[in-house]
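In UniProt numbering, the protein residues as written are 1 to 398.
Using N, Cα and C, we set each Cβ at its ideal position, and we do this for glycine too.
Listed below in C-alpha cells is the structure:
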C-alpha cells in the first residue's frame with residue numbers, strides 16, 4: 001500500500017453498515033401521536049378535550065368553546081337570528097347544547113338580541129329618540145287578512161270610473177290572492193310589492209286630480225305587516241315597507257327624518273343627492289358628510305345606507321344579512337372578485353363617490369355609539385355598518 005493510499009485510509013470516515021428499519025417502532029410512535037391528537041381540543045390542539053358535540057362529535061375544551069360562543073354571540077348584529085355553528089364542520093349547534101358551556105349572562109344576551117321578530121329602529125337626528133317604523137310586538141291574528149282585503153276593496157271602490165278603471169281592475173285581480181290565508185314566503189312578498197305598486201299609483205292619481213281618499217297606501221302596507229308570516233319574511237317585508245315609506249316623524253320632537261340615511265327629510269332628493277348637497281355647506285358637519293359620502297352605499301336588498309371603509313368587495317349587510325359585491329352592488333357570485341370585480345372592471349381601491357370630488361385624505365369623523373359592525377365570514381373581513389348621525393361622542397376604534 002502506498003503512502004497516499006494509507007493517508008486516504010487514515011482520513012476516510014469509518015464505514016457504517018446499514019441498520020435494519022424498525023417498523024414496529026415507527027408504528028408505535030404513530031399510534032402514540034394519533035392517540036395524543038385524538039384526546040386534544042379541536043381549537044387549541046393543546047388542552048385535553050372536555051366534551052364532544054352531540055351531532056358531529058367534534059371535541060373541545062370548555063375554555064376554548066366558551067370563548068368561541070361568547071365571541072359569536074357578542075359579535076352578532078342586525079335583525080337576523082344568529083346561529084351558533086361548530087367551528088370545525090359548521091354544523092348547527094342547538095342552543096340547548098351550547099348554552100351548557102357558557103355563562104348565564106351570555107345566554108341572556110343571546111336571547112335579548114336574537115328574537116325571531118325584531119323591529120328596525122333609527123334614532124332621531126335631533127333628539128336621538130328611537131323611532132320604530134314597524135312594530136314587531138303587534139301580534140297577528142286570523143282576522144288581519146280580512147282587514148287587509150277590506151282596505152284593498154275600499155281603495156278599489158274609491159277609484160273613479162272614467163280615468164281610473166284600469167287601476168280598480170288591477171286591485172280586483174289581486175283580491176283573490178289576498179283572500180287566501182296560505183302564502184309561500186316568496187309569494188307573500190311578491191304579492192305585497194304588486195299591491196303596493198298599484199296602491200301608490202292610485203293614490204298619486206287621486207292627488208293629481210284632487211280626489212279624496214279614505215284608505216292610503218300606508219294603511220295597506222301596515223295591514224300587510226300584521227299578517228301571520230315566518231320571521232324572515234317579516235324582516236324582509238319591513239324593509240320593503242321602509243323602501244316605500246322612508247320618512248318617519250319623531251314622536252318626541254316632531255321632526256321628520258329619513259329612515260334610510262338618518263338625516264332630516266330630504267324628499268324628493270335621494271339620500272346620496274342630499275349628502276352631496278350637504279357637503280357644500282360650510283359648517284362642522286361638512287367633513288363628516290364627506291367621509292360618509294365617500295364610503296357609503298345603499299344595500300341592494302333593504303335599501304338602508306351602509307358604510308364600509310376597508311376590506312374586500314364581499315360585504316354582508318348588518319341588518320338584512322344580504323351578501324353583495326361592494327363594487328357592482330349585485331348579489332355576490334363567482335363573477336365578483338374579492339379585490340377586482342369582473343362585472344365592472346373596477347378595483348376595490350377605486351372610490352365609489354369619485355363623481356363627488358371627495359378628497360381622499362378626509363379623516364374619519366366621530367359617530368354615535370350605535371354603530372353596527374358585521375364582518376364577512378369568509379376571506380378578509382369587510383366591515384359594513386350603518387350610517388348614524390355624528391355626535392360629540394368619540395369612538396376610539398375609528
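Where residue i sits in the DSSP three-state scheme
| i | result |
| --- | --- |
| residue 306 | strand |
| residue 290 | helix |
| residue 149 | helix |
| residue 64 | helix |
| residue 40 | strand |
| residue 384 | Only weak support exists for where residue 384 lies, its pLDDT of 38 falling under 50; the value from the coordinates is given anyway. It is a strand residue. |
| residue 352 | Bear in mind that a pLDDT of 39 at residue 352, under 50, signals an unreliable position, so the model cannot answer this. |
| residue 2 | Note that residue 2 has pLDDT 49, beneath the 50 cutoff, so the model's placement of it is unreliable and the number below is only indicative. In this structure, residue 2 counts as coil in the three-state DSSP scheme. |
| residue 111 | helix |
| residue 79 | coil |
| residue 35 | helix |
| residue 46 | coil |
Residues sharing a beta bridge with residue i, DSSP
| i | result |
| --- | --- |
| residue 131 | 122 |
| residue 99 | Answer is none; residue 99 lacks a bridge partner. |
| residue 316 | 323 |
| residue 297 | 306 |
| residue 51 | 60 |
| residue 85 | 92 |
| residue 331 | 324 |
Buried or exposed by the 16-neighbour rule on C-beta atoms within 10 Å, applied to residue i
| i | result |
| --- | --- |
| residue 58 | buried |
| residue 277 | exposed |
| residue 195 | buried |
| residue 45 | exposed |
| residue 111 | exposed |
| residue 217 | buried |
| residue 41 | buried |
| residue 36 | exposed |
| residue 332 | buried |
| residue 180 | exposed |
| residue 210 | exposed |
| residue 361 | Caution applies to residue 361, whose pLDDT of 30 falls short of 50 and renders its modelled position unreliable; the value that the coordinates give is listed next. Per the 10 Å Cβ criterion, exposed. |
| residue 169 | exposed |
Own chain, CB closer than 6 Å to residue i, minus 5 neighbours either side, in chain order
| i | result |
| --- | --- |
| residue 87 | 68 |
| residue 121 | 130 and 132 |
| residue 272 | none |
| residue 101 | 62, 65 and 66 |
| residue 298 | 305 |
| residue 126 | 253 and 255 |
Contact set for residue i: own chain, Cβ-Cβ below 7 Å, skip 5 residues either direction
| i | result |
| --- | --- |
| residue 124 | 131, 250, 252, 253, 255 and 257 |
| residue 151 | 215, 219, 220 and 223 |
| residue 135 | 119 |
| residue 243 | 303 |
| residue 201 | 167 |
| residue 91 | 55, 56 and 85 |
| residue 171 | 152, 155, 156 and 198 |
| residue 341 | 313, 325, 327 and 328 |
| residue 175 | 149, 152 and 153 |
Neighbourhood of residue i by C-beta distance below 8 Å, restricted to the same chain and skipping five residues each side
| i | result |
| --- | --- |
| residue 109 | 73 and 74 |
| residue 39 | 48 and 49 |
| residue 97 | 53 and 54 |
| residue 229 | 140, 183, 185, 188 and 237 |
| residue 268 | none |
| residue 178 | 145, 148, 149, 152, 191 and 195 |
| residue 81 | 114, 115, 116 and 231 |
Which runs of the beta strand (DSSP E) fall wholly inside the segment 211-287 and span at least 3 residues, in chain order? 247-249 and 256-258
Output the residue ranges of the alpha helix (DSSP H) runs that lie fully inside the segment 160-214 and measure 4 residues or longer, sorted by chain position. 165-179 and 185-208
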